[in-house]
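Residue numbers (our numbering), protein chains in the order written: chain A, 1 to 641; chain B, 1001 to 1250; chain C, 2001 to 2388. Just so you know, even glycine gets a beta-carbon here, dropped at the ideal spot from N, CA and C. Notes for the one structure printed next.
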């Protein structure tokens, strides 16, 4: 309707209104302007727009901002600003300024509804505003509240648009608006088909709006655009409830109703002819109720047979709010296509999530893998080294206000501190327990509880923040579906860096050679002049140091608590065990498998992370059955022991 | 009486591309002593691993006893209960337990957990233990903790445990390692006596000890039989001298 | 038969005598007899400690004797607790529901009763239907059977899988830890059918004995726990004394050698793992009615690790060591964390034991592992040797 009106108005304006000034038009509709109502203001605005006068948008804006005053004697409108008791008046058409006492003027205060209508009328001016930010703002306001009236001005504004980004956005919005509001069904279908190429949330929302349905129930299927028809017996309770709501059926007589009926009709210790003491079965109550119903004291029983009769004499369906089947069919096809694309994109997104989780597990586990692989030592305090690294980052941020510098200091400091802690622990405890792996496990567990409680005593139980620098905030948005936060990308590269670093140390340095020698045959290595003690110490330090760095990384995206290490330790063990001991690639494989698996299970059962973890652990237990030595297993006689 | 107690034929094992055993075929009669010699890496220990079920070969057959049972696919404990006993290179006795407990554990009796749980001490078993202890010269040490024994005594105890198992085939890995001359003599006697009623296979390095055993000798080299016969016969074989003795004596 | 067994194991007799004396003493001094020198809550603490001692000897058998460092035995303990807790909660709720219905003029149908009980029990997790695992909750006999059967079956299946594929050493420890973690995570879910993180509560109220004072109930459970500990001690001492003990310790010291002796090592491990799991289940079934509440946090991996700590501190490889360790550490722990220990004022800092006890425990554990691998029980060796 509105489109029609404005089209007529445009036509009229071309023929008649050239010479008019705005004040005249305003005076013609003075009553409407002075006391505007939301419903009646439309035609007046259309007339104003139709004049094509350059002063219209300014007036509309000032009016909306309550800066238009009316001379109470002459009825003339002015744009005015009030200073004290004086008004500075600006003539609406000429822009001539004058002053006058405020007494003789009345301020126009259009209400919210009216202001919104004015805003819509203004959009077409803003769309061709020379200022790009105002044009962009206008486009976003259209995107937020798409209305049919906006389509024509939007299309009209396209030709003059020279900013490529805004032009693309305009085209995009035209498609969205056309899909819903275009006059010609063919235009709408064309627009809908164009939408099928996009995966944005906006276009999916449009398609879903076109496909909006409302449930219905009737005795025969009405002649409407039916989306779905249901089997009445598929969900009998819900369908019956719909019938009851539509006053087409009587509610079921519930056990509570029956019970209430019994209680209300006890006569001489009996209900019907049944003594109350015998009413402790459903059958007895049914008999008693039937007696009451036959006597007319209670309404007849509505049971399952009655319900099913009612259901079967009705049809249950959803109708599209859109009447044209051609359009809904096109939209359905488009939505299916979009959803396929979205599913594909979500798979990619899931892959990225899994990759980032795998990076975290890799970082958390690689230190453990080194110590376990080289020394056969399970370090239960590994998780606490992660925690120490995270707290190091937190403490440094207390003193260094610049987060970027703080992180740059924190990484090496965390490494140094946990390296030192690892070496100390190796010297004081683990050295004495070689060849007693189970006791090492327990002793390091003792250290783990002590460290955890110590952290609790120092830092308290509440979570401490480790804030990432501003440039790591936000996310890399590839599409509405695929996005990944910068922190996770940074962690991914950190993991990659450590993978490369460890491979380099193991394969290209003297230390690495000695470490590999000690791993494979400590006795032989010792006889070749390698000091296994020193190698063990350095390896343990290295493994612990990496845990410290992992702690900083994990602290950046999770909270720093005294228990954070415990959260990662089991996961890390799984990574090492699943991957295969003593092999960097094994740890990488293990981390990828566990990260991928966890995300995969969450994908199937997104509401329940607890269940996901449970299933993952069960999977790992089973996995170990079939590959007890992990994915990348050492072969040969060395592995037999 | 059958002619062959254990027949190994065409067995091959590879570790990471390295052929530890290469198409090995070898037979053992129901009684008698046999020595297997060979340089390091000849596959002696791997051969024992295969027979006792610790290592699964890639191909080949291992056939056992009158019923020609294939040992491949049986578990270590199954193979052991069928009558194959093994003594490791390093003496492996249960050091925390007494000599008597060690022997009692090895004694041929039902091996299922329930049978063991309800096991009662009997005079018959005690007599067997005494007899074996006497055989290995540990009668006075029956109540001692095995960990307190000397190296040689531990070796004997382990041989005693093998005898207690009453196996039909005894695989003995370097029994004389680290023994004094006197102890060696005693060990030789024990093994010879055992070989009167069963097949005893001794894997040895020490030529002097092999000579003392005075039995048929099989030379392994690169996972296959290089030569077989009396010690004099094999030591005069030129290839054996080249690959083994030559190096050893150089 | 027991004559010879006990004659060969005098320490069993000593232990049983000490346990009997202790039980008798506590009973006499408890509020149940009127003397009241030991409060009911402390009787409960002691009763619970006895249950912990029972699971500790099970742990000692599986770890100290068989060499399997299981970090999952508390899962079996928890399952035992849940199994009995289901009956306790069901039966008690049923009594309350019947009480409520009896006030009404129309007697309730079985369905109404069941619905009302379901509503009472599962209201906290937003449900009122009975999950399938509650099918037998109305039967004390069946739930008691579950105390034994479910830990046994779980241990059997898990152990069979793990031992069959020769998972040993630290791998096995991690795997058992994963098992208990999976179980506790599962139970934390609201739709696990066991009330999620609310757990089962009100277990101290024994159905049918509503009128009996807690003083009496506590002493009955205390006596039952003492009896179970004595019986368990006797049973395990018997298991590990004879040839079984030899084989099992042989497996601990050199698994491969035992295998080459012809013993099917996996069966033995499975046997030990399963019977200790069953005993753990029984210990849990006695513990939780005294504790009053069980929730999934109880079977978090940390609990099983503490169990290993007790046994190590007490001295593994000897049953009385496990008992001493469990009793000593758990009582000391509740003394320290309960604020019983006086704070130490250093002038510049006050050591509050509620904060520092875990640090002390962790470090003393390291010291024990390093320097006293035989634990407290090792002290007895000196006592025994000196006279001879």
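Does the Cβ of residue i have 16 or more other Cβ atoms within 10 Å, making it buried, or fewer, making it exposed?
i, result
"residue 2028 of chain C", "exposed"
"residue 594 of chain A", "buried"
"residue 140 of chain A", "exposed"
"residue 84 of chain A", "exposed"
"residue 1008 of chain B", "buried"
"residue 1102 of chain B", "buried"
"residue 11 of chain A", "With a pLDDT of only 47 at residue 11 of chain A, under 50, the local geometry of the prediction cannot be trusted, and the value read off the model is given with reservation. So residue 11 of chain A counts as exposed."
"residue 150 of chain A", "buried"
"residue 402 of chain A", "exposed"
"residue 509 of chain A", "exposed"
"residue 126 of chain A", "buried"
"residue 2289 of chain C", "buried"
"residue 583 of chain A", "buried"
"residue 564 of chain A", "buried"
"residue 2243 of chain C", "buried"
"residue 2171 of chain C", "buried"
So with Cβ pairs under 8 Å, would you call residue i a contact of chain C?
i, result
"residue 446 of chain A", "yes"
"residue 274 of chain A", "no"
"residue 1130 of chain B", "no"
"residue 263 of chain A", "yes"
"residue 1151 of chain B", "no"
"residue 378 of chain A", "yes"
"residue 1113 of chain B", "yes"
"residue 1116 of chain B", "yes"
"residue 1133 of chain B", "no"
"residue 574 of chain A", "yes"
"residue 536 of chain A", "no"
Is the Cβ of residue i closer than 8 Å to any Cβ of chain B?
i, result
"residue 2319 of chain C", "no"
"residue 2249 of chain C", "yes"
"residue 2373 of chain C", "no"
"residue 2263 of chain C", "yes"
"residue 2254 of chain C", "yes"
Tell me, which residues are paired with residue i by DSSP?
i, result
"residue 1033 of chain B", "B:1200"
"residue 1085 of chain B", "B:1170"
"residue 1224 of chain B", "B:1221"
"residue 226 of chain A", "A:319"
"residue 483 of chain A", "A:477"
"residue 152 of chain A", "Partner(s): none; residue 152 of chain A has no beta bridge."
"residue 1006 of chain B", "B:1028 and B:1064"
The beta strand (DSSP E) with residue i in it runs from where to where?
i, result
"residue 1020 of chain B", "1018-1028"
"residue 2210 of chain C", "No beta strand (DSSP E) holds residue 2210 of chain C; DSSP gives it neither H nor E."
Specify, as a first and last residue, the run of the alpha helix (DSSP H) that residue i falls within.
i, result
"residue 339 of chain A", "325-375"
"residue 2043 of chain C", "2040-2059"
"residue 448 of chain A", "437-459"
"residue 218 of chain A", "Taken as a continuous stretch (DSSP letters only), residue 218 of chain A belongs to no alpha helix (DSSP H), being part of the beta strand (DSSP E) at 213-218."
"residue 2093 of chain C", "2073-2102"
"residue 2031 of chain C", "Where residue 2031 of chain C is concerned, there is no enclosing alpha helix (DSSP H), given that its DSSP letter is neither H nor E."
Could you tell me whether any Cβ in chain A is nearer than 8 Å to the Cβ of residue i?
i, result
"residue 2084 of chain C", "no"
"residue 2259 of chain C", "no"
Practice item. Starting from the N-terminal side, write out each stretch of the beta strand (DSSP E) that is 3 residues or longer and does not extend beyond the segment 545-627 of chain A. Key: Within the segment 545-627 of chain A, no complete beta strand (DSSP E) run reaches 3 residues.
Exercise for review: Identify every run of the beta strand (DSSP E) within the segment 66-95 of chain A, keeping only runs that are complete inside it and at least 3 residues long; order them along the chain.
Suggested key: At a cut-off of 3 residues, the continuous stretches assigned as beta strand (DSSP E) that sit fully inside the segment 66-95 of chain A are 68-71, 77-83 and 86-91.
**Study point:** Every unbroken alpha helix (DSSP H) within the segment 17-60 of chain A, with a cutoff of 4 residues, ordered by chain
**Key:** Runs of the alpha helix (DSSP H) lying entirely within the segment 17-60 of chain A and spanning at least 4 residues, in chain order: 22-28, 30-34 and 41-51.
**Study point:** Unbroken stretches of the alpha helix (DSSP H), 4 residues or longer, contained in the segment 2117-2169 of chain C
**Key:** Listed in chain order, the complete alpha helix (DSSP H) runs (minimum 4 residues) inside the segment 2117-2169 of chain C are 2140-2164.
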